[in-house]
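Please read the structure below before turning to the comments.
Number of protein chains: 2
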Amino acid sequence: MEKKIYTPGILQYIPFFYVIWSDDLVSASEVNVVEKAIEKDPTLNKAEKVILHSWLQVDNPPKNEEFKNWKQTISNSGTKLIEGVTYPLTTFSQKVVCHYHDTCPFNDQLKDIEINLGIQPNHYNHLFEVEVEHNLSSNSYKAQEVSLILKGKHAPVIDKFQELLKRPIFDWDIHRNKEDFRQIVLNQVKYLAENGYGAMAYPKAYGGTGDMEGYATIFENLMYIDGSLTIKFGVQFGLFGGSIQKLGTKIHHDKYLSDAGKAELLGCFAMTETGHGSNVRGIKTTATYHKESDSIIIHTPGKNDNKEYIGNALHSKIASVFAQLIVNGKNEGVHAILVPLRNKKHELLSGVKVEDNGYKLGLNGVDNGKIWFNQVKVPRQNLLNKYGSIKEDGTYFSEIKNPNKRFFTMLGTLVGGRICVARAGLGGAKMALTIAIKHALKRRQFNDNIKIQEDLLMDYPSHQLRLTPLVASAFVYHATLDKMMEIYCNDNQPDKRKVETQVAGLKSIITWYANDTIQECREACGGKGYLLENRIADLKGDVDIFTTFEGDNNVLLQLAAKGVLSDFKSEFNSAGFSSVLKLLSQQLSDKLATVNPLYSNKVDKEHLYNPKFHKHAFDYRTRRLTYTLAMRIRDYIKKGVPTYQAFLKVQTHLLALGKAYSIELAYNTYFEFTETIKDERNKELFQKLGTLYGLYEIRKDASWYLEQGYIGSTKSKAIRQRVERLCTELRPHINVLVEGFGIPEDCITAPIAN
Amino acid sequence: MEKKIYTPGILQYIPFFYVIWSDDLVSASEVNVVEKAIEKDPTLNKAEKVILHSWLQVDNPPKNEEFKNWKQTISNSGTKLIEGVTYPLTTFSQKVVCHYHDTCPFNDQLKDIEINLGIQPNHYNHLFEVEVEHNLSSNSYKAQEVSLILKGKHAPVIDKFQELLKRPIFDWDIHRNKEDFRQIVLNQVKYLAENGYGAMAYPKAYGGTGDMEGYATIFENLMYIDGSLTIKFGVQFGLFGGSIQKLGTKIHHDKYLSDAGKAELLGCFAMTETGHGSNVRGIKTTATYHKESDSIIIHTPGKNDNKEYIGNALHSKIASVFAQLIVNGKNEGVHAILVPLRNKKHELLSGVKVEDNGYKLGLNGVDNGKIWFNQVKVPRQNLLNKYGSIKEDGTYFSEIKNPNKRFFTMLGTLVGGRICVARAGLGGAKMALTIAIKHALKRRQFNDNIKIQEDLLMDYPSHQLRLTPLVASAFVYHATLDKMMEIYCNDNQPDKRKVETQVAGLKSIITWYANDTIQECREACGGKGYLLENRIADLKGDVDIFTTFEGDNNVLLQLAAKGVLSDFKSEFNSAGFSSVLKLLSQQLSDKLATVNPLYSNKVDKEHLYNPKFHKHAFDYRTRRLTYTLAMRIRDYIKKGVPTYQAFLKVQTHLLALGKAYSIELAYNTYFEFTETIKDERNKELFQKLGTLYGLYEIRKDASWYLEQGYIGSTKSKAIRQRVERLCTELRPHINVLVEGFGIPEDCITAPIAN
């Protein structure tokens, strides 16, 4: 077979055409990019332009014969692809021309194509029968810059804290015996307190800096050391200390807060009971005011009414006990009371019984226990009385008259804890991703017969697809949680209920995400991921319970959904309800007007990568689910089904709305965040991650969007392909991305990551 | 407001109409059932029939006013719903009539409606403002009967084995120290061997019963005791002993098999290396034949070439070592050689190094280790030479000339192990489901304000939806794995490759299912699920690695997909390929001919519950994915992309096909199994579980079916609703179903399940 020789003009385009046509995704917009470049290219004559155009017909692609000629021409040139250079494909083309012809200048039009199509060596390096040097990462981005963007204003706090984490006391090791493990963790907690981190979120007068936002970031960083340490730290300073700070008044602050922050007074947060976890309002422990002795009597009335899973229960001297406060025979609802558990010799006080909760799936460095109270008497002043107090005359008083509202105001103080739990989950996910990706960038398995070296795990499309969207999600959730804490801490933010709703939803989707991610990383590391030394196994056991504590995810999602509905709630059963529904229905029709057949099958890259599309899709989903939910509930109620039962019947609908709302919130928050990035190059990278998150989430719920006719099947398939493609495009930067998480090197002890 | 009084004829239908219309799912076929009954009902006069018909117009449902009247009439009658009676709704109707009128006979037409609509008390008990007695379970089915059907022909073996499991040596406890735990597990393994279970699958001459199928069932039962025991047992008797049985010849059987079966000779299966797990063909350990000494020299050439994760490595005297066999300088591929590791005093032999793999996420009762060989010499006869031997003259000989085929023949012996791993995963899932459901049938949380008692977790629709399909899947996979083992053990079954393909896929989907199920159960039990005493936590840690060992799931799924493709493989690149594709395309068009708009939006219960629909949907998916996959690969190859690279590019497509194929296989196998159930009542129950599995799986892949236009959006929504409804319908039987798994009561030690 005779070799077909091309003119230099044609030849320089051949590697590009070869790459473009070997892909399934030749789209009109891509062809457009190439055509424009050809039109402008001064190195081409008219005849060459005609030929090149003839190879750009989507409905009449080049014949296979032509394709093979290209391949052979490239192959015979013996040109090597160098992935590290700035424009690998343009440089490659140039070299091919150099082989066959005398002159071969660098062509700016080709460079433009390479930039505008965003094609990366990983798309095409398999196409050339040439040896390719695999680089760990491209040089386009710097991990340090990525990390700085993520840290934001907290950089000084984080950097200083990470220095402290280098101390030998935080060295990682395997601890199987719970008593030893607990002692080690306790020492670490005390050490952190000595260095001022326990009191961090408290006011200056009590040893802190009042920096709750900073507290949340260091909380996440603790996960790089150990999950048990993180949770024990959170129980002592966030829950126990936090209950004094937020539910108590000055006398409690003065008496306890400094000592709590220094870990000189260890305490626990005794809310959950064996019989009542999610339903806090139904707890059974009683706190009965006894007028004669001016004291409160704490009592566990029956079986399953004991406190359970109480962290720090074995080390604590005192507990914030949540109980039904009964004053003058009237139940005033759940209140918190400080109840001493042990004396200075650490002996249990009379009437108090504590039992170890024993071994758990994870967090065995935390001393969870059960606590029973048998008519334990404490002074009236031990009631944390910010929202409800017993006056000196023995009568109950609260500024919040509505018991319902009072209860939710007290529980609202848990919101900060929920953000922290989500952050800890996120920290675990980042750690697991870093380990799994570092491993995948070294581990090789299987190869083509003709190759000597096996392929890197990270170069398998399936491996890219299983890990890259999870990396993107970590960036999205990081920025979202940072923002949420900022809003929560902003005293000028009046709508606390809204933040609560949002945090309830975010805590659920993020802790589930964390568990899924860690599991995926475990499997992606194969047998190595199963060994404790590689850290993922412990992360898995520790993070697992995050979906349950600080509010069960399923319960919280319903709470979030009810929050979304609450704007309509006051209208329920009233005349105005129909008109509200009508309004919502109108909004939806307006939205759907955009969704004509053209829109629902729009598959070009510009559209699919456009944040407007993602925002519209998320917004539409939330609104549509809200509307249909409201309609269903209204119908049930009209038929006489009691409200409680009606809500039961739509439970799965509520969960769907809760998720949809939270994902939309995360996407929007992240997108706003990326807009603040000054450096354009990094901004582009961060927005690409947002695009991947957006498309990945739409893809996950594709069945719903298809059912609604919001997307057509062509678009649905295109989204799937774009998700895969984005993962490949991000492949060269994946190491920078995980290093950009900013996990201290000392913390990455896993042998497989080194 | 004046109370509207109805005639007895009308009145008896009112509870039914009230139930039917309070549901979203009034379908044409349901209306049809009721209309026919009314037509036939001799107790009704013409006027009454007219009124009743007027209340059955789907496009013109009864007014809310009417609805409220029904409700009040029922409510005023003060009738109590008794869920335990045979026809609860008919009986209830009769009682309502009794309240208002003198005569109130039992009406057979109403009974027919109740049966034909398949409505269960759980559908409607919330509708009546009456106190309802919650039963743990209905009496319609018996756990013992369900269990007997599952056990099938293995009942005697299982019953006898479960008796043995009652011995104190198998009592469950928490073991944190790996050395202690391993010793306990070793003693248990020896005890089982003493009782004849080690040799069970071996021929009678070597102490066994040749019952490989029975072996698989007891293997699953071991999971009810402990995961470490199960795996250690499998390593010693299945992998180590199995390698001698299946890869060795008579001299090896005579010398080792009896001792292996009695656990008097402990051995390990040394295949995986640090650098090579999934790619067994690439392992680096060498076994070089040395002619002068007539021996084979086993050697670990470099870093990462050591054996790793080898179970039983610390207790073993000998190992089946997989290595590249080099004879006269030629690499004959991977073979297994018996290599002694330790002497009688349990000291390591010269040249052998063993290191403990340390603590793992689970299975800490199994002594996994790394093994290095430094020029270790063993006699030529130690080569397990069934498929390849070194003759006395020092030349290599194998009846299987093709090295590729030889390799896969040897690996084919692993298939039995893969079935066992899937069964063990299934056992773990059953155990977790039993615990989670027993808990959900006792644990109460939240309530309506008007109720005294809180609601049972199991009565929450979201709880039913998260657990019931998993229970149904357990039934499906149980029957499927039983059948697979039967086929695998049938020597008359010529197509071993097909079984391998099938098992590869099933192992993947079932071990993933097991992990998802255990995780769901953990979360469904909240904090209680996190405590080791409740067993789910250990199951989670133990079963986790099942997705990786005995073949990584992602690799196995691709193997399965390639198996499906292999029918076309021989045609690749040849002239005949196009015609094969044409044929496949024709088959698909024939299939799609059925899928007209009427079909793709058919939503009546008869259709959605019809196995024909499920089979068609699964078959269509497998064929369609095969066709498009073959097309894509052909296109790549036509363009000159090397085969290996072409397969890389379609990796996610391969995974989808592997899953689709396996789910179809499971559904079909289960359905055939249900056809053999003699008792009609139980058959109906089993088939209902199959229906739930079918719809649940179609629902999971709804986005694909919608993309293909195979189902329309109405149908997609209807499937979702039917899945939820089936879960509710199965609610009264859920306890019978999990007790039907047949887990011995002594094994259910979890306090929350008792």
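Residue numbers (the UniProt record's numbering), protein chains in the order written: chain H, 1 to 754; chain Y, 1 to 754.
Note that CB positions come from ideal geometry on N, CA and C, so glycine has one too.
Note that this is a predicted model, so its numbers are computed, not measured.
Asked: Selected residue, minimal CA-CA separation from F373/H, among L433/H, H299/H, S398/H, L559/H; Found: H299/H
Asked: S54/Y: CB within 7 Å of a non-hydrogen atom of the ligand ATP; Found: No copy of the ligand ATP occurs in the structure displayed, which carries no ligand at all.
Asked: Cutoff 8 Å: S713/H Cβ touching any chain Y Cβ; Found: yes
Asked: Supposed contact pair Y206/H and residue 764/H - C-beta distance, whole angstroms, cut 8 Å; Found: Beyond the ends of chain H as shown, which are 1 and 754, falls residue 764/H; an answer cannot be given.
Asked: Span separating the alpha-carbon of V641/Y from that of P15/H; Found: 14 Å
Asked: Cβ of R634/Y within 8 Å of any chain H Cβ; Found: no
Asked: Sub-8 Å separation of Q245/H and L266/H beta-carbons; Found: no
Asked: Neighbourhood of L481/H by C-beta, 8 Å cutoff - its chain only, sequence neighbours within 5 removed; Found: A216, I419, A422, R423, L426, L506, I510
Asked: Buried versus exposed call for T103/H [16 or more other C-beta atoms within 10 Å across all chains shown]; Found: exposed
Asked: Interface flag, H134/Y vs chain H, CB-CB below 8 Å; Found: Because H134/Y sits at a pLDDT of 47, beneath the cut-off of 50, its placement in the model cannot be relied upon, and the following sentence gives the value as read from the coordinates. Cβ-Cβ to chain H under 8 Å: no for H134/Y.
Asked: H134/H to I371/H span [Cα, whole Å]; Found: Low local confidence applies: a pLDDT of 47 at H134/H is under 50, so the model's placement there is unreliable, with the coordinate-based value given in what follows. Answer to the nearest angstrom: the Cα atoms are 59 Å apart.
Asked: Residues in the region 646-663 of chain H having any Cβ partner in chain Y nearer than 8 Å; Found: L648, K649, Q651, T652, L655
Asked: Any chain H beta carbon closer than 8 Å to Q445/Y; Found: yes
Asked: K386/Y versus T249/Y - alpha carbon distance; Found: 6 Å
Asked: Residue from K498/H, L325/H, C98/H, H53/H whose Cα sits closest to the Cα of I74/H; Found: C98/H
Asked: Limits of the unbroken beta strand (DSSP E) element including W372/Y; Found: 369-373
Asked: Rounded C-alpha distance that separates residue 766/Y from S600/Y; Found: One cannot answer for residue 766/Y here, as it falls past the ends of chain Y, which runs 1 to 754.
Asked: Cβ neighbour criterion (16 or more within 10 Å) applied to T714/Y; Found: exposed
Asked: For I536/H, the nearest candidate out of D635/H, A432/H, S589/H, E664/H (CA to CA); Found: A432/H
Asked: 8 Å Cβ cutoff, S278/H in contact with chain Y; Found: yes
Asked: Meets three-Cβ-pair contact criterion under 8 Å: the region 538-549 of chain Y and the region 454-461 of chain Y; Found: no
Asked: Whole runs of the beta strand (DSSP E) within the region 608-662 of chain Y, excluding any shorter than 3 residues; Found: none
Asked: For A560/Y and T501/Y, believed in contact at Cβ under 8 Å, the rounded distance; Found: 5 Å
Asked: Supposed contact pair H607/Y and Y141/Y - C-beta distance, whole angstroms, cut 8 Å; Found: Not really, about 26 Å apart at Cβ, beyond 8 Å.
Asked: Proximity of A429/H and R466/H at Cβ, strictly below 8 Å; Found: no
Asked: Interface flag, D544/H vs chain Y, CB-CB below 8 Å; Found: yes
Asked: Below-8 Å beta-carbon distance, P461/H vs any chain Y residue; Found: yes
Asked: Buried or exposed (CB count within 10 angstroms, at least 16 for buried), R167/Y; Found: exposed
Asked: Residue(s) in a DSSP beta bridge with I318/Y; Found: G267/Y, P340/Y
Asked: Selection of the region 145-178 of chain H by Cβ proximity to chain Y, strictly under 9 Å; Found: I174, R176, N177, K178
Asked: V185/H burial status per 10 Å Cβ neighbour count (16 or more: buried); Found: buried
Asked: Segment limits, beta strand (DSSP E) that includes H299/H; Found: 295-299
Asked: Within 8 Å, strictly: CB atoms of T64/Y and K639/H; Found: Thr is not the amino acid found at residue 64/Y; the sequence shown has Asn there. Yes, Cβ-Cβ distance for N64/Y and K639/H is below 8 Å.
Asked: CB contact check: V31/H to chain Y, cutoff 8 Å; Found: no
Asked: Sequence-distant residues of its chain with Cβ nearer than 6 Å to T90/H (five each side left out); Found: L110, K111, E114
Asked: Under the three-state DSSP convention, the category P379/Y falls into; Found: strand
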